[in-house]
Amino acid sequence: MNIIEKIKKAGLVGRGGACFPTADKWSAVAKNLARNNKKKSYIVCNAAEGEPGVKKDGYIIENFSEQVIDGIKIGLNFFKAEKAYIYINHKYYKKYKRQLTKAIGKAPIEFFIKPVNSGYIGGEEGSILNAIEGKRIEPRLRPPFPTEKGLWGNPTLVNNVETFYNISLVNAGKFEAKRFYTVNGDCLHAGVFCLADNLKINEILKETNNYPNFSFFVQVGGDMSGEVLNSKQLEGLASGSGSITVYSSKKYKPYNLIKNWLDFFLNESCGQCTPCREGTYRLAEVLKSPDIDWQLVVELLDNLDETAICGLGCVISVPIRSYVNNVLSKEGDNWPKMKPKEACECFK
Amino acid sequence: MSARGGFASGGKKIKIKINGKEINCLPDQTILEVALKNGIYIPSLCYHSDFKPKANCRVCVVEVKGEKKLSMSCKRKVEPEMDIRTDTPRVKKTRNLNIELIFAEHIGKCPTCVWNVNCKLLKLAEKYKIETNRFSDRKKNRKTYKFANAVEIDGTQCIDCRNCIDACSVMQNINYLELKGKGSEQEIVPVKNKKIDCIYCGQCAVHCPVGAAQEQTQWEIVEKELTNKKKIVVAQFAPSIRVSIGEEFNLGYGEIATGQVIAGLKKLGFTHIFDVNFGADITTLVEAEELLERLKNKGVMPMMTSCCPAWVKYVEFYHPELIPNLTTSRSPHIHSAGIIKTYWADKMKIKPSDIVIVSVMPCTAKKFEATRSELKIKGNNPVDYVITTREFAYLLKKNQIDFANLKDVKADNPLGQYSGAAAIYGGSGGVMESALRSAHAMACGSKKTGVCRDKIDFKEVRGLSDVKEAVVDVGDKKLRVAVVNGIGNIEPIIKNLNKYDYIEVMACPGGCIGGGGQPIPTTDEIRAKRIAALYKLDKSKKLRKAHDNPAVKESLSWLKKQGKLEHKVLHTKYKKRK
């Protein structure tokens, strides 16, 4: 069995948040290489970890550098790639460069430090390719996907830190059906935990001694882009990048939460497309008015869902919609500056 | 050009549906391309066939049956059995909101904006009945960047489509504009690199879907001068105007509207109307003479044309070592203006300083050229103001002149006569062909046999290819000539100058008919139609060569008797610029 078949058998999915079947991505690179034998190939390990509330990649690098590098080397060998880049945020680079360099040895693996002002969008795969190529750091139009036209027009494999870690384990026959969860927020034992990948959210909280004894809700998959669930909705898996952030209900004003999310996306929008560049600006503007037009808020969020170019634009509505539908509309108190019933109606 | 959208490759046709209409089309095209070819309207703002699709305006959205996500028709390629709808409620909702959001980057100026007679965005807002008062004008405090007196980028109007950057960087390879900042803060600015400068070609302006990148207008001061009783205000118009202005009045592409142009200018209040084609014949003669002289006396070679002011700016800033290669001949409208303010003024007994000359040009760089101090004749600039084709159209519409129904008027004599060689100046290769017709005839003298049989057509230098090369007969010599179509294609020529004897360079793709001041849109298809009209005009003329133009002969022989004035009127010099 070659490595792709092993990966397929193990059922690996990408751990960067999108959960794309890893075997399919590797096959796409292989197919595109076979189609055009003049092309080189490249590998990028995404160690940007820019999503607030997600800390697992730093943990994995700290504790399992060798396996991460081993996974990258497996890719280098399999595709006979030109080189691999570890696209890493500056904090992690400072902390872990020595141990990573040791593990790299003489392999053609280079660090590319995530540029200082690239922000949240600097961790998106198209932005990463543009950063490495010296272009403006913003997403690319897809198709073509990086597997077909990545770095300098060549087939490029972009995988997350945890994904490469898993590939190393699969290759050594040591892979277990586990994944790394980040638990943080209003909890006693925040941290990164390696547990079975089929645990429900409430089970994860209980096993890590983090199940709250106060009124709470959670956000899963990231503090900005993650879905918000109330305490009765925790029977599912921890989706996306596997982070669970606990929010104590009494601590947060609804207006501030929503404003926080929208301000974040307003600051982080790359500006390329109308629904996001203009949409985030107008959303922030609408929220400032004394009489918030919730119908307009929903219209702007719908427009983002329908026509934004990249993952950032398409995810903006997720935390807000889920918060209103799953938490607010069930509670309805603590609403300065908002008309609870009207607002919730608009979101249905 | 490699950046421009590709044409459909040969192959088997496929069947698709757009709004229920069955269409057979070649694959490897986008939905928008197929729709346009089949007369189906899909709105778009950032799309331009000269560039690869950027798909950032998100206005050309369509729904493909069976797919969850909407598609951008400018980018999405057609597939067999695709069922496309451009008018579903889902499409309308998101398209209209995106138009509304774009409009709000921009509103507040419509009542006084020059483009309200021909603005793509305003037309979309009207067509889809967009709400224009839900959002405030978010760019009202943005800066305007001005480049000489020719072009400007008005940040208050910019809709972030990036066409100007595609034009300046990808197409023209000048790289003068960049996008600074992120998100809603982003702004188109000139680069802060002292080694890069604007050449005023205006390709940014002719690709802008709104009124952000545009010419610096002079129609206001021209209108004012027209009311000045103390001046004789005359107009002259370029070769390109007559085959392009009709587009602004729904007369189709390549419509030859010379008589109406003159009538329209007369209605605007200009007392005399002259044809720059007359000036072009002078330019041809002066240039042909200089070419033959350099060949005979082993002067600086290759000789290069200089009637494109953006190309001259390019040489002066980027390659000053090539200044000696530029012909010392002035450009057509400067030639004709010089003759007007000397020969014509003398004939009419008018003081040259009482004459105001307005050139109607397809060009933004000519606004800069007109101010060059080296061009002064006895203390006066030959041309006082330059307005673009678009400004001319605006003036006509503003004054409610029914251009389409104007009765033809002839230009004023004697400076209204021109040859076919002048007519083709507006297209890439036109100056070259014109000069070769005359140079060859002049070199042959009275010989009429062998290679010296009458040669009119030099077809190898025509067309829209990036660079056209040929070896042509001029008298008993074989000249290696090159025609560069668009400043973006200049580098390989500059690196191989010793391969050529005579080079024509036009900064704008297509030549002047694709100029920065031309009607919008300007695409390859439209460039070809405008050029075809010029060659049609050429063929229709009895006079095909510049040196056969009697008016030119008369004015030049008068000039010969004026001593030093002759050189002042016909020649110029250039200077290195930082």
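These protein sequence lines are chains A and B, in that order.
Under my numbering, the residue at position 216 of the first sequence is numbered 218, and the numbers go up by one with no gaps.
Under my numbering, the residue at position 38 of the second sequence is numbered 490, and the numbers go up by one with no gaps.
We put the beta carbon where it would ideally sit given N, CA and C, even for glycine.
Asked	Found
Within its chain, find whatever has a CB closer than 7 Å to the CB of N445 (chain B); leave out the 5 residues flanking it on each side and keep chain order.	Here chain B covers residues 453 to 1030 and nothing more, so residue 445 (chain B) does not appear.
Does DSSP put Y61 (chain A) in a helix, a strand or coil?	helix
Are T840 (chain B) and G968 (chain B) touching if we call contact CB-CB under 9 Å?	yes
Would you tell me roughly how many angstroms separate the C-alpha atoms of K402 (chain B) and A856 (chain B), rounded to the nearest one?	Chain B is shown from 453 up to 1030; residue 402 (chain B) falls before or after that span and cannot be answered.
Establish whether the CB of C275 (chain A) and some CB of chain B are separated by less than 9 Å.	yes
Look at the alpha carbon of S886 (chain B) and the alpha carbon of K473 (chain B), and state the distance between them as a whole number of angstroms.	48 Å
In chain order, what residues of the same chain have a beta carbon less than 6 Å from the beta carbon of I791 (chain B), not counting five sequence neighbours either side?	S1007
Taking 9 Å as the threshold (C-beta atoms), are V194 (chain A) and F177 (chain A) in contact?	no
According to DSSP, is V1021 (chain B) helix, strand or coil?	helix
Assuming G868 (chain B) and C964 (chain B) are in contact, meaning their beta carbons sit under 8 Å apart, how far apart are those beta carbons, in whole angstroms?	No, G868 (chain B) and C964 (chain B) are not in contact; Cβ-Cβ is about 20 Å, not under 8 Å.
Write down every uninterrupted run of the beta strand (DSSP E) in the region 128 to 188 of chain A whose length is 3 residues or greater and which is fully enclosed by it, in chain order.	158 to 162 and 180 to 187
Give me whichever residues DSSP pairs with N38 (chain A) in a beta bridge.	None; N38 (chain A) has no bridge partner.
Give me the chain B residues within the contact set of S271 (chain A), using Cβ-Cβ distance strictly less than 8 Å, ordered along the chain.	K634, G635 and S636
Given I853 (chain B), which residues of its chain have a CB within under 6 Å of its CB, disregarding the five upstream and five downstream residues?	G716 and K719
Going by DSSP in three states, E7 (chain A) sits in which element: helix, strand or coil?	helix
In the DSSP output, which residue or residues are listed as bridge partners for I809 (chain B)?	B:V686
R932 (chain B) bridges to which residues according to DSSP?	B:V923
Do you know offhand how far C616 (chain B)'s Cα is from W567 (chain B)'s?	17 Å
Could you check the C-alpha separation between L703 (chain B) and C760 (chain B) for me, to the nearest Å?	28 Å
Less than 9 Å between CB atoms is the rule here; does N508 (chain B) satisfy it with respect to chain A?	yes
Assuming the contact rule is C-beta atoms closer than 8 Å, A797 (chain B) and I807 (chain B) should be a hit. Round their C-beta distance to whole Å, please.	6 Å
Tell me the residue span of the beta strand (DSSP E) that contains Y952 (chain B).	From DSSP, Y952 (chain B) is part of no beta strand (DSSP E); its letter is neither H nor E.
For the beta strand (DSSP E) containing C477 (chain B), list its first residue and its last residue.	K473 to C477
Interface residues of chain B around L143 (chain A) at Cβ under 7 Å?	A507 and K527
Do T974 (chain B) and H558 (chain B) count as a contact pair if the criterion is CB distance below 9 Å?	no
Could you have a look at P117 (chain A) and say whether DSSP puts it in helix, strand or coil?	coil
Tell me which same chain residues have a C-beta within less than 7 Å of the C-beta of G663 (chain B), skipping the five on either side of it?	C565, V566, W567, C571, D606 and Q609
Quick one: residues in its chain with C-beta nearer than 7 Å to the C-beta of L302 (chain A), no 5 flanking neighbours on either side, listed in chain order?	G281, R284 and L285
Have a look at S636 (chain B) and M884 (chain B) and give me their C-alpha separation to the nearest angstrom.	47 Å
Chain B beta carbons: is any one of them nearer than 9 Å to that of F22 (chain A)?	no
Please state if the CB of V695 (chain B) and the CB of L989 (chain B) are separated by a distance shorter than 9 Å.	yes
Under the DSSP definition of a beta bridge, which residues are partnered with N48 (chain A)?	A:Y89 and A:N162
Exposed or buried, A198 (chain A), counting other C-beta atoms within 10 Å across all chains shown (16 or more means buried)?	exposed
For the 8 Å Cβ check, are there 3 or more pairs between the region 87 to 106 of chain A and the region 126 to 140 of chain A?	yes
Can the beta-carbon of N625 (chain B) be found less than 9 Å from the beta-carbon of E943 (chain B)?	yes
Check each residue of the region 530 to 551 of chain B: if its Cβ is closer than 8 Å to any Cβ of chain E, include it; give the result in chain order.	The chain labelled as chain E is not found among the protein chains of the depicted structure, namely A and B.
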